[in-house]
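Quick note: to get this note's numbering, add 11 to the position in the sequence shown (first position is 1). Note that CB positions come from ideal geometry on N, CA and C, so glycine has one too. In this text, all values refer to a predicted model and were calculated from it rather than measured experimentally. Structure record follows, encoded as structure tokens.
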Amino acid sequence: MTINLRSAPPRQPAQVIHPAAIRMESAQSHVGCRSTRRGGTPATLRLPGRPASRRPGRGRASGRSAVPTVDMPALRERIVASICATIGPMLEGRASEELYAVALTTDSDVVTVTLLAHTEEALQVLVEADDAYADGYRWWPDEWAVTDDQGAAEPGVESMVQISRDMFDTHDSLGDDDEAHGEWCLRARATLEDALGDHRVRASIADINPAWHPVLFVTDTDGNAHLTVRSIGLLNDGHPNPDLVASARDFFDETDGG
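Spelled out as structure tokens, the structure:
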């Protein structure tokens, strides 16, 4: 589900994550990815290889078969490589504009990932067409005009579509296991935040225009805005324009009803 603004305003050693970890984190009122990352993101995520059995409803797994392993640092590296190879074709035609935001969007299951960006000039075009939704146009990525399909990535580099397919297949293998599902969401979202905040991503942006200092964030377009607010704080520490960061945070705070 996508929110409609018009209807509503150094690497850790590999280890296996056990189901008890997600139970503990879930009890901490959705402390989520940020608290996990402060303690080091575990390098390996073990998932149950049960047959796909999705909605309606997930329940506790009653049995498990072969257990596939997800290398989360490797997933992060794939995402970083894709961003760095895609951001140039996306933005080099707008190098003279003022880039104010770059985001990765996902969903509540963290099985899709899309790279988007926006400039003040692109925003102005939207606002001139319909100024009643100016705040939404500024910070809601679904409204943005600059997306990762606006220019092919460098040859040999995976697209976000390809990465999303693998993420979907991994998540689908969880079947009805609530614990593994929650664990995947925590670790996968932390991986997206790690990737977007990587120094190589920032360098790729600066290569296009050294004056750019966009607000970076990972957002859940299914509407879980408090996680977006947390990512804004995590990825923009020391930002040279704190008022711009505050504008993004305030928008998502209001979207979340806070």
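Go through its chain and collect everything with a Cβ distance to residue i's Cβ below 6 Å, but skip five positions before and after it.
{"i": "residue 196", "result": "121"}
{"i": "residue 220", "result": "106"}
{"i": "residue 110", "result": "130, 223 and 225"}
Under the rule that 16 or more other beta-carbon atoms within 10 Å means buried, what is residue i, buried or exposed?
{"i": "residue 93", "result": "buried"}
{"i": "residue 270", "result": "Since the first and last residues shown for the chain are 12 and 269, residue 270 lies out of range."}
{"i": "residue 152", "result": "buried"}
{"i": "residue 217", "result": "exposed"}
{"i": "residue 252", "result": "exposed"}
{"i": "residue 119", "result": "exposed"}
{"i": "residue 2", "result": "Within the shown structure, residues of the chain are numbered from 12 to 269, placing residue 2 beyond reach of any answer."}
{"i": "residue 114", "result": "buried"}
CB residue i to CB residue j, shorter than 8 Å?
{"i": "residue 147", "j": "residue 154", "result": "yes"}
{"i": "residue 175", "j": "residue 123", "result": "yes"}
{"i": "residue 256", "j": "residue 229", "result": "no"}
{"i": "residue 181", "j": "residue 87", "result": "no"}
For residue i, which residues in the same chain have their Cβ closer than 7 Å to its Cβ, ignoring the five residues on either side in sequence?
{"i": "residue 91", "result": "206, 209, 211 and 212"}
{"i": "residue 134", "result": "148 and 149"}
Tell me the rounded alpha-carbon separation between residue i and residue j.
{"i": "residue 125", "j": "residue 232", "result": "11 Å"}
{"i": "residue 96", "j": "residue 168", "result": "7 Å"}
{"i": "residue 222", "j": "residue 159", "result": "22 Å"}
{"i": "residue 108", "j": "residue 130", "result": "6 Å"}
{"i": "residue 89", "j": "residue 198", "result": "15 Å"}
{"i": "residue 266", "j": "residue 236", "result": "7 Å"}
{"i": "residue 128", "j": "residue 186", "result": "34 Å"}
So, helix, strand or coil for residue i, using DSSP?
{"i": "residue 115", "result": "strand"}
{"i": "residue 250", "result": "coil"}
{"i": "residue 270", "result": "Because the chain is modelled from 12 through 269, residue 270 falls outside the range shown and cannot be assessed."}
{"i": "residue 199", "result": "helix"}
{"i": "residue 231", "result": "strand"}
{"i": "residue 255", "result": "helix"}
{"i": "residue 129", "result": "strand"}
Would residue i pass as an interface residue toward chain C - the criterion being a Cβ-Cβ separation below 8 Å?
{"i": "residue 207", "result": "Within the model displayed, chain C is absent; a lone protein chain is all it includes."}
Going along the chain, which residues of its own chain have a beta-carbon closer than 8 Å to the beta-carbon of residue i, five neighbours each way excluded?
{"i": "residue 136", "result": "156"}
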